[in-house]
Amino acid sequence: MLAASGLLLGALVGLFARPTQRVVAIVMAFGSGTLLSALAFDLCEEAYEKGGPAALVGGFLVGGLIFVLAEGFIDSKGGFLRREGTRHMFLKEKKEQRADDILRRLSEVQIIRSLPPQEVQAIIAFVEERSFMDGEVVFRKGDVGDALYLVLDGGARVVDGERLLATLGKGAAFGEMALLTGEPRNATVSALGALRAYRIARDDFNHLMGRSRALADAVHRLLEERLEARHGPTGGTEQTAAMWRKVASAHLDRGVTEWEERDLVEKHAGSSAPLAIFLGALVDGVPESIVIGATLVGTQSPSNSFLLAVFLSNFPEAMSSASGMTKAGFSRRRILTMWCGLVVVAGLSAALGNAFLAGASPAALAFTNSLAAGGILALLTNTMMPEAFGMGGRTVAFSTAVGFLVAFLMVKLH
């Protein structure tokens, strides 16, 4: 509980003192350095001496794999909100996935390919997702042609009166002539099952044409061809679509703007987010606590260097988490209650680790140490160190080195 109290203290500092990002980064880098030293000279060295190479390698790899899989699942449920670094990485990844999905679908529509791929970033902002229940009408015959639709999931029925004209599946586009002419719809389209679709409004498309002379010229040429031939594109479409998608992807802005961040947080931070955040913090802290309990098996005192390393890594992590959770709409009371609960759980984990491992063999203790070491190293490389560098830049490298040196000297001078 003493080692985990860094979580509560860090949350208090983050909520009330509001340190600068550079200060948080320096402390986080220092904590990363102490943990690296503790892993090498407390956990790994002891695991090697007690269990040999097999216990060390096996536990280390399993621990790292468990951490990575658990973190990925928890982040997908809203746990990414607990830290600045995980939130930024998760949201950036989601933005890239959405942009790539939109490009893949848009590249199949000849009208959209009229947009120069270098300017594709402009159209991404105008693509919105719509959902329709089974049988719900998307638009009716005679309605103003005001948008293009691209089917994401489900299907759509195209009818003229009682006559079924077509059934559209995933990846299909409909209503594209509306972007060119704005003529009334010549058929009724309704959802076939649960339908999700991307929608591009004609007004937005016209706005894009006003900004891009190349797009306007290409659309006018295409309109002439369509009105004369009244048939779709032929020959080379697949190759053209692939080339357009490749060039467009290379010109995408991969950053996350403030409004995009708010939108993505609202979309992905559902009702499961508080529990996911708590579980994510458990995944980060429980292995450390179990090892603290395990180090007391057969001895009277724990490793001071490891205790210091855990405390110093928890402190900046909680500072960063408090900031991220505040931005996600969590109250101060809720945040502090969560960290208090984690301190208690950490103490119980240490007690249970000590109790269950009291009669364990040296090989089992070695495997436990290396299992925790693999998880902790994965935590460092996945979150703490990238986040520290992202907030503090190159200067945090020195702080990491100092943290490593301090923990190393504690081990050797103990």
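Using the working numbering, read the sequence shown as starting at 958 and increasing by one per residue. Just so you know, even glycine gets a beta-carbon here, dropped at the ideal spot from N, CA and C. From a predicted model like this one, the values you see are computed outputs, not experimental measurements.
Query - Where the beta strand (DSSP E) containing T929 begins and where it ends - result: Outside the displayed span of the chain (958 to 1371) sits residue 929, for which this structure offers no information.
Query raised in the report: If you draw a straight line from the C-alpha of F998 to the C-alpha of V1302, how long is it?
Result: 26 Å
Query - Delimiting residues of the alpha helix (DSSP H) encompassing A1307 - result: 1289 to 1313
Report task. Within its chain, find whatever has a CB closer than 8 Å to the CB of L1122; leave out the 5 residues flanking it on each side and keep chain order. Result -> V1115, V1116, A1144
Query raised in the report: Among L1109, S1270, V1101, E1093, which has the Cα closest to the Cα of L1063?
Result: L1109
Requested in this report: Give the single residue among L1362, E1086, I1292, G1331 whose Cα lies nearest to the Cα of L1265.
Outcome: L1362
Report task. Quick one: residues in its chain with C-beta nearer than 8 Å to the C-beta of T977, no 5 flanking neighbours on either side, listed in chain order? Result -> none
Query raised in the report: With a cut-off of 8 Å, do at least 3 Cβ pairs link the region 1346 to 1358 to the region 988 to 1006?
Result: yes
Report task. Hey, could you find the ends of the beta strand (DSSP E) T1145 is sitting in? Result -> 1145 to 1158
Query - Local Cβ density within 10 Å of G1102, reported as buried at 16 or more and exposed below that - result: buried
Query raised in the report: Just curious, the beta strand (DSSP E) that E1085 is in, first and last residue?
Result: 1084 to 1089
Query raised in the report: Which partner residues does F1272 have in the DSSP bridge list?
Result: Partner(s): none; F1272 has no beta bridge.
Query raised in the report: Roughly how many whole angstroms lie between the Cα atoms of R1290 and S1277?
Result: 16 Å
Report task. Tell me, please, which residues DSSP counts as bridged to A1104. Result -> A1158
Query - Which listed residue (R1170, G1132, G1167) has its alpha carbon closest to that of Y1155 - result: G1132
Report task. Please report the Cβ distance between L1000 and N1326, rounded to the nearest whole angstrom; I am assuming they are in contact, meaning their Cβ atoms lie under 8 Å. Result -> 5 Å
Query raised in the report: Are the region 1002 to 1018 and the region 1310 to 1329 touching, with three or more C-beta to C-beta distances below 8 Å?
Result: yes
Query raised in the report: Among S1262, G1331, A1315, which has the Cα closest to the Cα of V1368?
Result: S1262
Query - Proximal residues to N1339 (C-beta, below 8 Å), its chain only, five neighbours per side dropped - result: F1024, V1025, E1028
Query raised in the report: Using a Cβ-Cβ cut-off of 8 Å (strictly less than) and excluding sequence neighbours within five positions of T1191, which residues of its own chain qualify?
Result: Per-residue confidence for T1191 stands at a pLDDT of 44, beneath the threshold of 50, marking its modelled position as unreliable; no derived number is given.
Report task. Give the single residue among A1158, P1244, G1347 whose Cα lies nearest to the Cα of N1311. Result -> P1244
**Report entry** T1095, enclosing beta strand (DSSP E) - first and last residue
**Finding:** Strictly speaking, residue 1095 in this sequence is Val, with Thr absent from that position. Note, V1095: beta strand (DSSP E), 1094 to 1096.
Query raised in the report: Leaving out five residues before and five after K1098 in sequence, what residues of the same chain have Cβ atoms less than 7 Å from its Cβ?
Result: D1117, R1142, N1143, A1144, T1145
Query raised in the report: Across which residues does DSSP place G1112 in a beta bridge pair?
Result: L1149
Report task. Would you list the one or two residues that DSSP bridges to F1377? Result -> Lying outside 958 to 1371, the shown extent of the chain, residue 1377 is not represented and no answer is given.
**Report entry** A1130 in three-state terms, based on DSSP
**Finding:** strand
**Report entry** Range of the contiguous alpha helix (DSSP H) that encloses M985
**Finding:** 978 to 995
Query raised in the report: In terms of residue numbering, what span does the alpha helix (DSSP H) encompassing M1419 cover?
Result: Coverage of the chain is limited to positions 958 through 1371, which leaves residue 1419 absent and any answer about it impossible.
Requested in this report: Using the DSSP secondary-structure output, state which residues sit across from D1058 in a beta bridge.
Outcome: Beta-bridge pairing links D1058 to no other residue.
Query - Pairwise C-alpha distance: L1060 and K1052 - result: 12 Å
**Report entry** One or two residues paired with D1117 in a DSSP bridge
**Finding:** R1120
Query - L1366, buried or exposed, once every other Cβ within 10 Å from all chains shown has been counted against 16 - result: exposed
Report task. Compare the Cα-Cα distances from Y1005 to each of L1337, K1127, A1323, L1334 and report the closest residue. Result -> A1323
Report task. For the alpha helix (DSSP H) containing F1355, list its first residue and its last residue. Result -> 1353 to 1370
Query raised in the report: Do L1152 and A1104 have their CB atoms nearer than 9 Å?
Result: no
Query raised in the report: How about A1345 and S1088: are their beta carbons less than 9 Å apart?
Result: no
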